[in-house]
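The block underneath contains the structure these notes are about, expressed in structure tokens.
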Amino acid sequence: MLTTPWFQFSLPDFQYAFLSILLEGAPFLLGGAILSGLLEEFLPQSLMTRLLPMNPRTAIVVSGLLGMIFPVCECGIVPVVRRLLRKGLPVSCGVTYMLAAPIVNPLVILSTLAAFRGQGAVEMTLLRFVIGLTVAILAGWVVSFAAPFSILRPGLLGSEADHDHGHAAASPIDRLTNVTTVASRDFLDVAVYFVIGAAAAALFGTAVNQEVILPLAENPPLAIASLMGLASVLSVCSTTDAFIAATLTTFPMAAKLAFLVFGPMLDFKLLFLYGAAFSRRFILLLAAGLFVVIGLLCWRLATLNLAW
Amino acid sequence: MSLRISILRDALLLTLWGGMILWLSLTKQLATYLHPALQPYTTAAGVIFLLLAIFRVRSLMVLPTPHQHEHHNHDACCAHPHHEEEAHDHGAHHQESHRGKSVALIGKTLLLLLPLAIIVSGKATAYSVTTVQNRGVVGDLSKLPAASAAAPASPSTSASSSATGAMPLQIIDMLYAIQMPSYREEFEGKKVEMIGQYVPMTTGNPKGDRFQAVRMFITCCAADAKPVGVIVQYPQRLTMPEMGWVKITGKPTFPMEGGRRAAILEATKVEPCPAPSEPFVY
Numbered sequence: 399m400l401t402t403p404w405f406q407f408s409l410p411d412f413q414y415a416f417l418s419i420l421l422e423g424a425p426f427l428l429g430g431a432i433l434s435g436l437l438e439e440f441l442p443q444s445l446m447t448r449l450l451p452m453n454p455r456t457a458i459v460v461s462g463l464l465g466m467i468f469p470v471c472e473c474g475i476v477p478v479v480r481r482l483l484r485k486g487l488p489v490s491c492g493v494t495y496m497l498a499a500p501i502v503n504p505l506v507i508l509s510t511l512a513a514f515r516g517q518g519a520v521e522m523t524l525l526r527f528v529i530g531l532t533v534a535i536l537a538g539w540v541v542s543f544a545a546p547f548s549i550l551r552p553g554l555l556g557s558e559a560d561h562d563h564g565h566a567a568a569s570p571i572d573r574l575t576n577v578t579t580v581a582s583r584d585f586l587d588v589a590v591y592f593v594i595g596a597a598a599a600a601l602f603g604t605a606v607n608q609e610v611i612l613p614l615a616e617n618p619p620l621a622i623a624s625l626m627g628l629a630s631v632l633s634v635c636s637t638t639d640a641f642i643a644a645t646l647t648t649f650p651m652a653a654k655l656a657f658l659v660f661g662p663m664l665d666f667k668l669l670f671l672y673g674a675a676f677s678r679r680f681i682l683l684l685a686a687g688l689f690v691v692i693g694l695l696c697w698r699l700a701t702l703n704l705a706w
Numbered sequence: 709m710s711l712r713i714s715i716l717r718d719a720l721l722l723t724l725w726g727g728m729i730l731w732l733s734l735t736k737q738l739a740t741y742l743h744p745a746l747q748p749y750t751t752a753a754g755v756i757f758l759l760l761a762i763f764r765v766r767s768l769m770v771l772p773t774p775h776q777h778e779h780h781n782h783d784a785c786c787a788h789p790h791h792e793e794e795a796h797d798h799g800a801h802h803q804e805s806h807r808g809k810s811v812a813l814i815g816k817t818l819l820l821l822l823p824l825a826i827i828v829s830g831k832a833t834a835y836s837v838t839t840v841q842n843r844g845v846v847g848d849l850s851k852l853p854a855a856s857a858a859a860p861a862s863p864s865t866s867a868s869s870s871a872t873g874a875m876p877l878q879i880i881d882m883l884y885a886i887q888m889p890s891y892r893e894e895f896e897g898k899k900v901e902m903i904g905q906y907v908p909m910t911t912g913n914p915k916g917d918r919f920q921a922v923r924m925f926i927t928c929c930a931a932d933a934k935p936v937g938v939i940v941q942y943p944q945r946l947t948m949p950e951m952g953w954v955k956i957t958g959k960p961t962f963p964m965e966g967g968r969r970a971a972i973l974e975a976t977k978v979e980p981c982p983a984p985s986e987p988f989v990y
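Here the protein sequences come in this chain order: Z and C. Per our numbering, the very first residue in the first sequence carries number 399; after that it's consecutive. Per our numbering, the very first residue in the second sequence carries number 709; after that it's consecutive.
In structure tokens, the structure reads:
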């Protein structure tokens, strides 16, 4: 039984958590926007199509692994994906990269290993990597059957071809100006969604009594669902979320795994951030699909009674 | 809205964000929000925001004149690069569409100014007891990120005694001591001094002589803060504000309560004190 009400709101507390999330995430979002500016200025459209395998399925798998050599956390991923899509990256590959990069990122692998020391660190890290990558590839594969206009935000894809010419003749300072122009616009465009997402995360993080989810720990399906919900609410960066998950000692490992896979793919701030690139309908379908698929995969793992 | 105004709007927002972050950094207020490891990134972002603003202003100097690129003005009012806007409908609803986009742009601008307004208001600098109640006070180190991995060899602040002869001790030291008998022997029953935030105990306090001293433990930023605390037993009546900083002098005890070992500080003196320069424990 709860000792305090399930919902108690304090405006200064909400504002405090809201600012903390923004101050923590702003450098990473900015990093993504700068990377987007560099891609716009220096990555020729033809190179993108040459780099990816011709076979669409292989291209989706390669996009999922791109995060290992091109690491971006979930705050910075949206400006990068927007730019890559405008540069001609197939939407299916863009979605796969966006969902996988915050998980297959080497920093995330190391932090998961460190956080779960003594709690099956290798198994947890490996399963996080494999399930995260598998779900991202699966999402990309499903998206490959849909028309891009039904997935992307209207007007996202413009004609980039006319923007690719003439760069070779531009002076370095002009090129730098182009990079900063794109970076500024992308940051300000995406920051709007980040602000809304941070507000949602701060509201749930400060006003909802976290004792509410504790009784759910006993039942595996409910534990998995509730930790996926908690991952969304907390909206912690994927580089550090393992340290939080490792402390949820009353929950089964499969539920912690669900927390670690679902959170970087779809937390509250991402729900709004994705709006900078994708249609509202697609985001809702993606959210529901990820929740069900990750939930079922983790539940299946829970029934195997693995020794970890 | 002309292209010039759009660029100036971007430059202004970037300047305000950069300026505000650098002000928080220079006045050491970033420590109120972020783990020390993350503060350099945010400070660097502040500098980069200002540089981006300078480049935005510079781009004003190389703008084409209206007669050179008439369609640029159309794009500018939408605040998008021209190549992203070529699919726009230039039909009968053009004016209405532009009005809608201007309203949306003003809304977005106000939204981006909102965090700055909150910082200027100066009210969002600490949690109240509401969040402590919603998150619950952690008294078991296994529920604390990373802290459970390894305890320090000796109490974190025991190097020197204070002017009163009391050993300075952190709340987290008492929590470590619950788990480790050898660590407990270092200060159990000795006179110690501890700083924490005052949280009244509404349950498990039948005699009304207990309160909790808490500190916020953070992993990344204040948004993930978990209150960690110990029980303080003090027979005298207290009139402290909730979450006010207090200095407690007393003796640590570790009795069994409800089948579990608890950390209780039997206080001889409780007095208000200023907030420490490091408000969090990490």
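Built from N, CA and C at the ideal position, the CB exists for glycine as well.
Residue range of the unbroken alpha helix (DSSP H) whose run includes C/Leu-721: 711-734
Chain-ordered chain C contacts of Z/Gly-603 [CB-CB under 7 Å]: Ala-931
8 Å Cβ cutoff, C/Asp-881 in contact with chain Z: no
Any 3 or more C-beta pairs closer than 8 Å across the stretch 482-490 of chain Z and the stretch 544-554 of chain Z: yes
Run of the alpha helix (DSSP H) containing Z/Gly-518, from where it starts to where it stops: No alpha helix (DSSP H) holds Z/Gly-518; DSSP gives it neither H nor E.
Amino acids of chain Z, ordered along the chain, whose beta-carbon sits closer than 9 Å to that of C/Cys-981: The contacting residues do not exist; C/Cys-981 stays about 21 Å from chain Z at best.
Span of the alpha helix (DSSP H) around C/Glu-896: It is not in any alpha helix (DSSP H) - C/Glu-896 carries neither H nor E in the DSSP assignment.
Contact set between the stretch 582-597 of chain Z and chain C, restricted to residues whose Cβ is under 8 Å from the partner: Ser-582, Arg-583, Phe-585, Leu-586, Ala-589, Val-590, Val-593, Ile-594
Whole-angstrom distance between Z/Ala-596 and Z/Val-577, CA atom to CA atom: 27 Å
Start-end ranges of the alpha helix (DSSP H) lying completely within the stretch 818-843 of chain C, minimum 4 residues: 837-843
Assigned exposure category for C/Arg-717 - 16 Cβ within 10 Å defines buried: buried
Inter-residue Cα distance where the pair is Z/Glu-439 and Z/Thr-447: 16 Å
Validate contact between the stretch 641-656 of chain Z and the stretch 605-619 of chain Z using beta carbons, cut 8 Å, 3 pairs: yes
Proximity test, Cβ basis, 8 Å: Z/Ala-424 and chain C: yes
Contact with chain Z by C/Phe-919, beta-carbon distance below 8 Å: no
Distance between beta carbons of C/Ala-753 and Z/Leu-428, contact taken as under 8 Å: 5 Å
C-beta contact flag for Z/Ser-633 and Z/Ile-419 at 8 Å: yes
Residues near Z/Leu-688 in its chain [Cβ-Cβ closer than 6 Å; skip 5 each side]: Met-663, Leu-664
Backbone CA spacing between Z/Gly-627 and C/Ala-834 [nearest angstrom]: 26 Å
Z/Val-506 at chain C interface by Cβ criterion, 8 Å: no
Burial state of Z/Met-522 (16 or more Cβ within 10 Å): buried
Cross-strand partners of C/Tyr-906 (DSSP beta bridge): C/Ala-921
CA-to-CA distance, C/Pro-908 to Z/Leu-550, given in whole angstroms: 52 Å
C/Arg-843 versus C/Ile-972 - alpha carbon distance: 21 Å
Status (buried if at least 16 other CB within 10 Å, exposed otherwise) for C/Glu-893: exposed
Bridge-paired residues (DSSP) for C/Tyr-936: Rather than Tyr, the amino acid found at residue 936 of chain C in this sequence is Val. Note: C/Val-936 sits in a beta bridge opposite C/Val-846, C/Arg-923.
Where C/Glu-778 falls, given that 16 or more other Cβ within 10 Å makes a residue buried: Unreliable positioning characterises C/Glu-778 in this predicted model, as indicated by a pLDDT of 46, which lies under 50. The coordinate reading is nonetheless provided below. Label assigned to C/Glu-778: exposed.
Given 8 Å, three or more beta-carbon pairs between the stretch 921-936 of chain C and the stretch 726-742 of chain C: yes
Segment contact, 8 Å Cβ cut-off, at least three pairs: the stretch 661-680 of chain Z with the stretch 590-604 of chain Z: yes
Min CB distance C/Asn-913 to chain Z below 8 Å: no
8 Å Cβ cutoff, Z/Val-634 in contact with chain C: yes
Sequence-distant residues of the same chain with beta carbon closer than 7 Å to Z/Ala-534, five excluded per side: Gly-462, Thr-494, Leu-497, Ala-498
Where C/Arg-843 meets chain Z, residues with beta-carbon distance less than 7 Å: Gln-608
Contact with chain Z by C/Cys-785, beta-carbon distance below 8 Å: Any reading at C/Cys-785 is ruled out, since the residue's pLDDT is 43, under 50, leaving its predicted position unreliable.
Through-space distance from Z/Phe-416 to Z/Gly-603, alpha-carbon basis: 9 Å
Endpoints, the beta strand (DSSP E) within which C/Lys-959 is located: 953-961
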